[in-house]
Amino acid sequence: MALNALTVIGIGIAVLIGLLYNEFFIDVAIPLALITYVSAVILTRYLEGEI
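Residue 35 in my numbering sits at position 45 of the sequence shown, and the numbers go up by one each step.
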């Protein structure tokens, strides 16, 4: 559940940045969303004690 929430927040932030910098949407928003997703996975596993 926490992972889904963090992922949604990350994608939301990435989309917002993409809207602010529309011409760089592909270059900025998508990599940021991927980085945020990976960070959310790592953070969630850490908090759950899997790492």
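Just so it is clear, CB atoms sit at the ideal spot from N, CA and C, and this is done for glycine as well.
Keep in mind it's a predicted model, so treat the numbers as computed, not measured.
Between A23 and A4, the C-beta gap is smaller than 7 Å, which places the two residues in contact. Annotation: V18 is outside any alpha helix (DSSP H) and is labelled neither H nor E by DSSP.
Rounded to whole angstroms, the Cβ separation of T34 and G0 is 12 Å, and the two are not in contact under 8 Å.
DSSP places Y11 in the coil class of the three-state scheme, outside both helix and strand.
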